[in-house]
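Below is one structure, written out as structure tokens; the observations come after it.
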Amino acid sequence: MTRDDDPAITADMTRPDSDPLAPADPGLAPRVPAADAATGASGLHVKASPDPDPAPARSAGSVPGLDVPAGLNGVAVAATEVGDVRGAEGFFHYREHDATTLARTRTFEEVWHLFVYGHLPDEDERAAFRAKVTDRRFVPDALDPVVAAVGALDAPPLARLSSVVSAGRNELGLAPLLDLDGKRRRSQGLTLAAFVPSAVAALHRTSQGLTPVAPDPSLGHVASYLHEATGELPHPAHVRALEQYLIATIDHGFNASTFTARVVASTGADLADVVAGALGSLAGPLHGGAPGRALDALDAIGTPERAADFVRSEVAAGRRIMGFGHAVYRNVDPRSTLMREVALGLGGELVERAVAVEAAILDALAELKPDRALPSNVEYYAGVVMASVGLPREMFTPTFAVSRTVGWCAHA
0 MTRDDDPAIT ADMTRPDSDP LAPADPGLAP RVPAADAATG ASGLHVKASP DPDPAPARSA
60 GSVPGLDVPA GLNGVAVAAT EVGDVRGAEG FFHYREHDAT TLARTRTFEE VWHLFVYGHL
120 PDEDERAAFR AKVTDRRFVP DALDPVVAAV GALDAPPLAR LSSVVSAGRN ELGLAPLLDL
180 DGKRRRSQGL TLAAFVPSAV AALHRTSQGL TPVAPDPSLG HVASYLHEAT GELPHPAHVR
240 ALEQYLIATI DHGFNASTFT ARVVASTGAD LADVVAGALG SLAGPLHGGA PGRALDALDA
300 IGTPERAADF VRSEVAAGRR IMGFGHAVYR NVDPRSTLMR EVALGLGGEL VERAVAVEAA
360 ILDALAELKP DRALPSNVEY YAGVVMASVG LPREMFTPTF AVSRTVGWCA HA
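Here it is, written out as structure tokens:
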């Protein structure tokens, strides 16, 4: 429980990508003033907000008379300055900066710097930060046998990644968070977040019987990741498209994986344990696995003319329409708007089909559920964008992990 003038954060943990509703005013500026209109408190103030569709309270068990909402919906559990969501207004921010504006105007490294140090870098800081990332963007030689063995296993991609992250803690120099000051926490978070994309790419290529590609120090972080994953120098338009996706998915309030990361971090464990725990949560099909399933649905529908029958069948069976609706955003998911723009910029048959099928699905949902807005969410176009830049479907969720690791480490 918290007082109204205490910073707090709320979450519904039954909803995998559910996030607290921040009181920051999105306005039109990229930087958001952090002040609570109700209390006048300054700083990032996040508190419980009424849920228009609240989960029913249920007993806490053996404690007489104590009821808690299902999934801790609306329960204040922690404080954060990292980022937050105001779902009713279709807005979220990173350290008081409009997140989608950052995705449209900044590089991944610049936003990463914001997460690590709390401010956007100037020119000198930008160059220094990029050098730090480049120096740490590799898989240590001692882990090559581990990558080879784990990559050959018939296991889900995030299970492989979790194994390599856990095995690499000593080679990466990770120590229990309990024993670290803020500077060393930031440094170790930077090391792990720089390592993850190279590990993801190496594991994927090994699983396909291909030789891992070494990071190219002349490339930016996102370009190097695409190069390591595909083995080809990426087109600049593909790099920028993926970069915007990665920026938009670094953080999203107290979603399930971030909640998991913070629980593990609260025990004083090292960042390998923090990220391994978060990866287990992200692996769920209702969280990090959604983009691949949304693209599977697009393939199953095929043409817009078949969308209505598909939606009716899924709704009748009580199944979710992957890529549509959101637990927090009641009208528009701003990440979906961004990803739709990015997809249209890439163009191609897949994008054209996705746009046409989206319109048909929205019409069908409006007919079947006229009292509930179910717009497309970030997962619908995320898969389209990742496929369009050359990433195979099995890399969608690991690519999500590439960006979200930055957020997890910032929260730890």
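If you're matching positions, the sequence shown starts at 0 in numbering that gives the first Met the number 0 and goes up one per residue.
Backbone N, C-alpha and C fix where the C-beta goes; we use that ideal spot for every residue, glycine too.
Given the structure is predicted, the values throughout are model-derived calculations rather than measurements.
If you run the structure through DSSP and keep just helix, strand and coil, what is ARG105? Residue 105 sits at position 106 when you count from the first residue of the sequence shown. Coil at ARG105, not helix or strand.
Any idea what DSSP makes of ASP123, helix, strand or coil? The residue you call residue 123 lines up with position 124 of the sequence shown. Reduced to three states, the DSSP call for ASP123 is helix.
Should ALA198 be labelled buried (16 or more other beta-carbon atoms within 10 Å of its own) or exposed? Mapped onto the sequence shown, residue 198 falls at position 199. That one is buried.
Which whole runs of the beta strand (DSSP E) in the region 322–408 are 3 residues long or more, in chain order? none
GLY82 - containing beta strand (DSSP E), residue span: Sequence index remark: in the sequence shown, residue 82 carries index 83 (1-based). Element bounds for GLY82: 82–85.
Cβ-Cβ separation, ALA289 to GLU378 (assumed contact under 8 Å), whole Å: Locating residue 378 in the sequence shown gives position 379, counting from the first residue. Locating residue 289 in the sequence shown gives position 290, counting from the first residue. Contact flag correct, Cβ pair sits at about 4 Å.
State buried or exposed for ALA147, treating a residue as buried only when at least 16 other CB atoms are found within 10 Å of its CB. The count along the sequence shown starts at 1 and reaches residue 147 at position 148. ALA147 should be labelled exposed.
Collapsed DSSP secondary structure at ALA130 in the structure displayed: The sequence position of residue 130 within the sequence shown is 131, counting from 1. Helix at ALA130.
So what does TYR244 bridge to, in DSSP terms? Position 245 of the sequence shown holds residue 244. Answer by DSSP bridge pairing: none, since TYR244 is not bridged.
Skipping 5 residues on each side, what residues in its chain have a beta carbon closer than 6 Å to that of PHE107? Against the sequence shown, residue 107 aligns to sequence position 108. Contacts found: HIS220, VAL221, GLU242, LEU245, ILE246.
What would DSSP say about ASP97, mapped onto helix, strand or coil? Position 98 of the sequence shown, counted from the start, is the residue given in the question as residue 97. Three-state result, ASP97: strand.
Between which residues of its own chain and ALA275 is the CB-CB distance below 6 Å, once the five residues before and five after are set aside? If you number the sequence shown from 1, residue 275 lands on position 276. The answer, listed in chain order, is SER161, VAL164, SER165.
Can you tell me the Cβ-Cβ gap for LEU225 and HIS237, rounded? I've got them flagged as a contact below 8 Å. Translated into positions along the sequence shown, residue 225 becomes position 226. Translated into positions along the sequence shown, residue 237 becomes position 238. Contact holds; Cβ gap of about 7 Å.
Where LEU367 and ASP308 are concerned, what is the direct C-alpha to C-alpha distance, given to the nearest angstrom? Position 368 of the sequence shown holds residue 367. Position 309 of the sequence shown holds residue 308. Going from the Cα of LEU367 to the Cα of ASP308 covers about 11 Å.
Please classify GLY267 as buried or exposed, where buried requires at least 16 other C-beta atoms within 10 Å of its C-beta. Your numbering for residue 267 matches position 268 in the sequence shown. Burial call: exposed.
Mapping DSSP to helix, strand and coil, what is VAL238? As a position in the sequence shown, residue 238 is number 239, starting the count at 1. Helix, per DSSP.
Hey, how far is the Cα of ALA240 from the Cα of LEU373? Here the question's residue 240 lines up with position 241 in the sequence shown. Here the question's residue 373 lines up with position 374 in the sequence shown. So the alpha carbons of these two residues sit roughly 25 Å apart.
For HIS92, name the three-state secondary structure that DSSP assigns. Looking up residue 92 in the sequence shown gives position 93. The answer is strand: DSSP assigns HIS92 an E or B state.
DSSP three-state call for ALA192: helix, strand or coil? As a working note, residue 192 is residue 193 in the sequence shown. It is helical.
Applying the 10 Å Cβ sphere with the 16-neighbour rule, what's the burial state of SER375? Position 376 of the sequence shown, counted from the first residue, corresponds to residue 375. Result: buried.
What is the DSSP secondary structure of ALA316, reduced to helix, strand or coil? Counting from one through the sequence shown, the residue named residue 316 turns up at place 317. Coil at ALA316, not helix or strand.
Alpha carbon to alpha carbon, how far is VAL401 from ASP66? For the purposes of this step, residue 401 is taken as the residue at position 402 of the sequence shown. For the purposes of this step, residue 66 is taken as the residue at position 67 of the sequence shown. Computed Cα separation, rounded: 38 Å.
Does the Cβ-Cβ distance between THR205 and GLY150 come in under 7 Å? Along the sequence shown, one-based indexing puts residue 205 at 206. Along the sequence shown, one-based indexing puts residue 150 at 151. Yes, the pair counts as a contact, with Cβ atoms nearer than the cut-off.
In this structure, how does DSSP classify THR210 when only helix, strand and coil are distinguished? Locating residue 210 in the sequence shown gives position 211, where the first residue counts as 1. Residue state, collapsed to three classes: coil.
Host alpha helix (DSSP H) of GLU227 (start-end): Looking up residue 227 in the sequence shown gives position 228. Unbroken alpha helix (DSSP H) run through GLU227: 220–229.
Using only the alpha-carbon positions, how far apart do GLU88 and ASP332 sit? Working through the sequence shown from its first residue, we reach residue 88 at position 89. Working through the sequence shown from its first residue, we reach residue 332 at position 333. Whole-angstrom Cα-Cα distance: 9 Å.
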